[in-house]
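In this note's numbering, the protein residues as written are -17 to 191. We put the CB at the ideal spot given by N, CA and C, even for glycine. The structure displayed is predicted, hence computed values, not measured ones. So the structure is just underneath, and the comments pick up after that.
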Ligand code: TYD
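Written out as structure tokens, the structure reads:
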């Protein structure tokens, strides 16, 4: 029987550089002989991508937002993540449930107990084996987002949030990392790219071992 694959997630506040690293990490894992599935949340399935559009652009209550995130996540696990892990593939997922704890609970004040109940209902105990938290101080994230906006990119609903929101999201991520020290690696994402890649290379060593 094939051993269950490894489930790796990437997290961090907007502007932490996480998405830049997802592709590199996947390429490096592939180069080292792993079969890799790269995916993202919200999204990852045809229905999930439609829900992503609504989540990023449509005004809605925080409760509706939380429910739609978990609806998309249910499809994603059923159609993509669980089958890939069962095949023995390595799954690299750009955001997962920790983002809901950070953004919806930390950022918007949705009760942690509601998110925990939905997590149990939807995921039946599935959680990542490894979560990379790309951490940057608020000022760095703001500067990166402002540069993107100045270059003409329209910011989505979350990216357009104020500084206090991102401060709460970042704190919530750090609290989760401290509560799950074996699963999380906190990566200082203010370092130059080669330094972050050196850290990621050591993490790939662990994954392929
Ligand atoms: P993001 O990874 O920032 O997409 P991209 O890098 O392509 O812009 O994800 C989109 C947004 O969704 C991000 O601002 C955070 C938000 N989000 C939540 O609020 N809760 C969640 O559970 C997830 C998965 C994402």
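A residue is called buried once 16 or more other Cβ atoms fall within 10 Å of its Cβ, and residue 139, having fewer, is exposed. Close CB contacts of residue 1 within its chain, under the 7 angstroms cut and outside five residues either way in sequence, are with 76 (chain order). Closest in C-alpha terms to residue 99, from the list 122, 111 and 82, comes 82. Using a 10 angstroms sphere on the CB of residue 72, the tally of other CB atoms reaches 16 or more, which defines it as buried.
A direct Cα-to-Cα measurement between residue -15 and residue 18 gives close to 14 angstroms. DSSP places residue 166 in the uninterrupted beta strand (DSSP E) bounded by 166 to 170. Rounded to the nearest whole angstrom, the C-alpha separation of residue 117 and residue 85 is 15 angstroms. The beta carbon of residue 153 sits closer than 8 angstroms to those of 88, all from its chain and outside the five residues before and after it, given in chain order. In the three-state reduction of the DSSP assignment, residue -11 falls in the strand class. With fewer than 16 other CB atoms across the displayed protein chains lying within 10 angstroms of its CB, residue 183 is exposed. Per the C-alpha coordinates, the member of 101, 80 and 128 positioned closest to residue -10 is 80.
Taking C-beta separations shorter than 7 angstroms and ignoring five residues to either side along the sequence, the partners of residue 170 in its chain run 117, following chain order.
Relative to residue 64, the option among 158, -13, 189 and 145 whose CA is nearest is -13.
DSSP places residue 108 in the coil class of the three-state scheme, outside both helix and strand. Relative to the Cα of residue 119, the nearest Cα in the group 49, 149 and 186 belongs to 149.
For residue -4, the number of other beta carbons within 10 angstroms of its own is at least 16, and it is reported as buried. For residue 51 against residue 28, the beta-carbon gap comes to about 17 angstroms, at or over 8 angstroms, which does not count as contact.
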